[in-house]
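Numbering of the sequence shown is given in this note's numbering, commencing with residue -8 and proceeding in unit increments.
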Amino acid sequence: MKPLKYLLPDDALPTHWYNLQADFPEPLPPVLHPGTREPIGPEDLAPLFSEELIGQEVSTERWIEIPDEVRQILLQWRCTPLYRARRLEQALDTPAKIYYKWEGVSPSGSHKPNTSVPQAYYNYKEGVRKISTETGAGQWGSSLAMACGMFGLACLVYMVKVSFNQKPYRRALMEVYGANCIASPSDTTESGRKILHDDPECTGSLGIAISEAVEIAAKNADTRYCLGSVLNHVLLHQTVIGIESLKQLEMAGDYPDVIVGCTGGGSNYAGICFPFLGEKLRGGRDVRLVAVEPAACPTLTKGPLAYDFGDTAHLTPLVKMHTLGSGFVPAGFHSGGLRYHGMAPMVSHVHKLGLSEALAINQLECFASGVTFARAEGIVPAPEATHAVAGAIREANRCKEEGREETILFNLCGHGHFDMQAYMDYQAGLLQDYEHPEEEIALALAGLPSA
Ligand SMILES: *Cc1c(COP(=O)(O)O)cnc(C)c1O
């Protein structure tokens, strides 16, 4: 029988995260203070973040040890399986070999607990007892709520209002884990009240929800803030995905020619790609990296690389990233997790160095790919993950046209069980493609801060 899946034993769970900052041919641009526009130091971030996480944010050490307490929890669902998508290959009639790393086996259904667990752990260990955060579609909120529950931390989640109303089950899940979930914009913060005053009907955005969560942490000494993507330490925690994939592909006797991932803030993409990119930068094999983003939020393909704020109310430091402008309010397309205005500085830097490609795909093609995948492989991908599936299918079709037997690896970062409304709308023909208009991009970019 030909193997369909590659499983690693528990003792293969990575002991260290891989830090790409150690192997960058040129260092990341500095993070700037929002007031002075000078590079910030660790003390500027201390009111918001755990000390250990701030250390990881700026570390250039190549391997960073994963604490035992964190590994004990990750062991519950890691190592995650790597599958050879033989039935999908057959359905596409492609000579390519397609592998996917399946991150949907975590308790909350996505890759996010890879970072929510260490973030909750470090805060707990440093004596913090309350965490604030934001969530778009609810995957991050539920993953952090789960981790906070495990360490007995109170968790306050600002959920983008449109998702809060559309996805009651995600909110219910957060509440089961013991979190308090508030629709954003809300009247519980100054930033929220200001936005509601200007626009009482505002349905929210990630940028607004971040402002509310950051404000709560800044104003309350007992509360710290956690972010589910974008930051260097988050990408670091996600590298367990790629480290395991390297070992699993070795078991399969293969190495990828191309790796595909979907990008919202960039963390799952970085997680699967960076360990392979590190090998390449240290003289190993070449590999193409392809980031797939929604055409309705085309951060890498249409946003310039510029210093920008991480949130709408401009409470965060300035980071250099591909951005559509911090005032960007995306259309209500069905991949809540991919609606952030910026892209992780590390992913932006990799892109600038020419080490990664980017592709924007419309939602109808993504859902069609998700359905093709579900019918062949049995797994229903999260709407976000369908972007990676669509990118992998495009690569497989290219291999067919060119008659090439390439190896494709993609990250299947979460399941779609809480997103069946999106599939229902798709099947009923209610979804439309939406490309973010150039005029709106120009307008948002005109408001970029000067740095
Ligand atoms: C949050 C999320 C994303 C987007 O975030 P990244 O940081 O780009 O990974 C994508 N897919 C799923 C399933 C998510 O939960």
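Virtual Cβ for every residue (Gly too), placed ideally from N, Cα, C. As the structure is a computational prediction, the values presented were derived from the model and not from experiment.
Handout entry: Where the beta strand (DSSP E) containing S123 begins and where it ends
Key = Translated into positions along the sequence shown, residue 123 becomes position 132. Counting along the chain, the beta strand (DSSP E) containing S123 begins and ends at 121 to 126.
Practice task
Work out the CA separation of L144 and P289 for me, nearest whole Å.
Solution key: On the sequence shown, residue 289 is found 298 positions in, with the first residue counted as 1. On the sequence shown, residue 144 is found 153 positions in, with the first residue counted as 1. In a straight line, the C-alpha of P289 is about 36 Å away from that of L144.
Handout entry: Those residues which DSSP pairs with A387 across a bridge
Key = In the sequence shown, the residue the question calls residue 387 occupies position 396. DSSP, once it has assigned bridges, lists no residue as partnering A387.
Handout entry: Residues near K88 in its chain [Cβ-Cβ closer than 8 Å; skip 5 each side]
Key = Along the sequence shown, read from residue 1 onward, the residue named residue 88 stands at position 97. Contacts found: R75, E80, D245, E396, E397, T398, I399.
Handout entry: Distance between V231 and A488 (C-alpha atoms, nearest Å)
Key = No statement about residue 488 is possible, as the shown extent of the chain runs from -8 to 442 and does not include it.
Practice task
Can you give me the start and stop residues for the beta strand (DSSP E) that S351 sits inside?
Solution key: Counting from one through the sequence shown, the residue named residue 351 turns up at place 360. Before going further, note that residue 351 is Ala rather than Ser in the sequence given. Run containing A351: 348 to 352, per the beta strand (DSSP E) assignment.
Handout entry: Sufficient close CB pairs (3 or more, under 8 Å) joining the stretch 267 to 284 to the stretch 295 to 303
Key = no
Practice task
Compute the distance between the beta-carbons of W131 and S97, then report whether it is under 9 Å.
Solution key: Looking up residue 131 in the sequence shown gives position 140. Looking up residue 97 in the sequence shown gives position 106. The answer is no: Cβ separation not under 9 Å.
Problem - Contact under 9 Å by Cβ, Q12 with S50 - result: Along the sequence shown, read from residue 1 onward, the residue named residue 12 stands at position 21. Along the sequence shown, read from residue 1 onward, the residue named residue 50 stands at position 59. Yes, these two residues count as a Cβ contact at 9 Å.
Handout entry: Cβ-heavy atom distance, W131 to ligand 1, below 8 Å
Key = Position 140 of the sequence shown holds residue 131. Under cutoff, so the answer is yes.
Exercise for the section: Note down, in chain order, each residue of its chain lying with its Cβ closer than 7 Å to the Cβ of L66, except the 5 sequence neighbours on either side. Expected result: Indexing the sequence shown from 1 puts residue 66 at position 75. Same-chain partners within the cutoff: D1, L4.
Practice task
Please classify G140: does DSSP put it in a helix, a strand, or coil?
Solution key: One-based indexing of the sequence shown puts residue 140 at position 149. The answer is helix: DSSP assigns G140 an H, G or I state.
Problem - Beta-carbon separation (whole angstroms), P372 vs V380, contact threshold 8 Å - result: Numbered from 1 along the sequence shown, position 381 holds the residue referred to as residue 372. Numbered from 1 along the sequence shown, position 389 holds the residue referred to as residue 380. Confirmed, about 6 Å.
Practice task
State yes or no: is the C-beta of L164 nearer than 8 Å to some heavy atom of ligand 1?
Solution key: Sequence index remark: in the sequence shown, residue 164 carries index 173 (1-based). Not so, every heavy atom of ligand 1 lies at least 8 Å from the Cβ.
Problem - G262: first and last residue of the uninterrupted beta strand (DSSP E) it sits in - result: Numbered from 1 along the sequence shown, position 271 holds the residue referred to as residue 262. No beta strand (DSSP E) contains G262, which is instead part of the alpha helix (DSSP H) from 258 to 272.
Handout entry: Straight-line Cα distance separating Q47 from L227
Key = For this step, residue 227 is matched to residue 236 along the sequence shown. For this step, residue 47 is matched to residue 56 along the sequence shown. L227 and Q47: Cα-Cα distance of roughly 8 Å.
Problem - Distance CB(L329)-CB(H378) smaller than 9 Å - result: Residue 329 sits at position 338 when you count from the first residue of the sequence shown. Residue 378 sits at position 387 when you count from the first residue of the sequence shown. Yes; because the gap between Cβ atoms is below 9 Å, this pair is in contact.
Problem - Alpha-carbon spacing of P266 relative to S133, whole angstroms - result: Taking the sequence shown and counting its residues from 1, the one referred to as residue 266 is at position 275. Taking the sequence shown and counting its residues from 1, the one referred to as residue 133 is at position 142. Their Cα atoms are separated by approximately 27 Å.
Handout entry: Through-space distance from P176 to E206, alpha-carbon basis
Key = The count along the sequence shown starts at 1 and reaches residue 206 at position 215. The count along the sequence shown starts at 1 and reaches residue 176 at position 185. Cα-Cα distance, rounded: 13 Å.
Handout entry: Local Cβ density within 10 Å of G485, reported as buried at 16 or more and exposed below that
Key = Given that the chain is displayed from residue -8 to residue 442, the structure contains no residue 485 and the question cannot be resolved.
Problem - Cut-off 6 Å between Cβ atoms - residues of its own chain near A200, not counting five sequence neighbours on either side - result: Taking the sequence shown and counting its residues from 1, one reaches residue 200 at position 209. So the qualifying residues of the chain are E125, Y149, V151, S175.
Handout entry: Boundaries of the alpha helix (DSSP H) in which T292 is found, first to last residue
Key = On the sequence shown, residue 292 is found 301 positions in, with the first residue counted as 1. T292 -> alpha helix (DSSP H) spans 290 to 293.
Problem - Beta-carbon separation (whole angstroms), G219 vs H408, contact threshold 8 Å - result: In the sequence shown, residue 219 corresponds to position 228, counting from 1. In the sequence shown, residue 408 corresponds to position 417, counting from 1. G219 to H408, Cβ: 19 Å. No contact.
Exercise for the section: Using only the heavy atoms of ligand 1, determine whether one of them is closer than 8 Å to the beta carbon of A383. Expected result: Counting from 1 along the sequence shown, the entry for residue 383 is found at position 392. Not so, every heavy atom of ligand 1 lies at least 8 Å from the Cβ.
Problem - 3 or more residues per run - each beta strand (DSSP E) lying fully within the stretch 34 to 58 - result: 54 to 56
Exercise for the section: Determine the contact status of R215 and V119, defining contact as a CB-CB distance below 9 Å. Expected result: The count along the sequence shown starts at 1 and reaches residue 215 at position 224. The count along the sequence shown starts at 1 and reaches residue 119 at position 128. Yes, Cβ-Cβ distance for R215 and V119 is below 9 Å.
Practice task
Taking 8 Å as the threshold, find out whether the stretch 307 to 324 comes into contact with the stretch 186 to 198 through three or more Cβ pairs.
Solution key: yes
Problem - Buried or exposed (CB count within 10 angstroms, at least 16 for buried), P285 - result: Within the sequence shown, residue 285 is the residue found at index 294, counting from 1. Buried, by the Cβ-count rule.
Exercise for the section: Grab the span of the beta strand (DSSP E) containing A297 for me, first residue to last. Expected result: Reading the sequence shown from its first residue, position 306 is the one you call residue 297. 296 to 300 is the extent of the beta strand (DSSP E) around A297.
Handout entry: Three-state class that DSSP yields for N171 in the structure shown
Key = Your numbering for residue 171 matches position 180 in the sequence shown. Of the three classes helix, strand and coil, the one that applies to N171 here is strand, per DSSP.
Problem - Residue burial classification, N(-4) (beta-carbon count within 10 angstroms, cutoff 16) - result: For this step, residue -4 is matched to residue 5 along the sequence shown. Per the sequence presented here, residue -4 reads as Lys, with Asn not at that position. It is exposed - the Cβ of K(-4) has fewer than 16 other Cβ atoms within 10 Å.
Exercise for the section: Rank G294, R162, A304 by C-alpha distance to the C-alpha of L187 and give the top, closest one. Expected result: Taking the first residue of the sequence shown as 1, we reach residue 187 at position 196. Comparing Cα positions, the closest option is A304.
Handout entry: Span separating the alpha-carbon of L306 from that of K(-7)
Key = Position 315 of the sequence shown holds residue 306. Position 2 of the sequence shown holds residue -7. Taking the straight line from one Cα to the other gives about 54 Å.
Exercise for the section: Would you check whether ligand 1 has a heavy atom nearer than 8 Å to the C-beta of C404? Expected result: On the sequence shown, residue 404 is found 413 positions in, with the first residue counted as 1. It does: the Cβ of C404 is within 8 Å (strictly closer) of some heavy atom of ligand 1.
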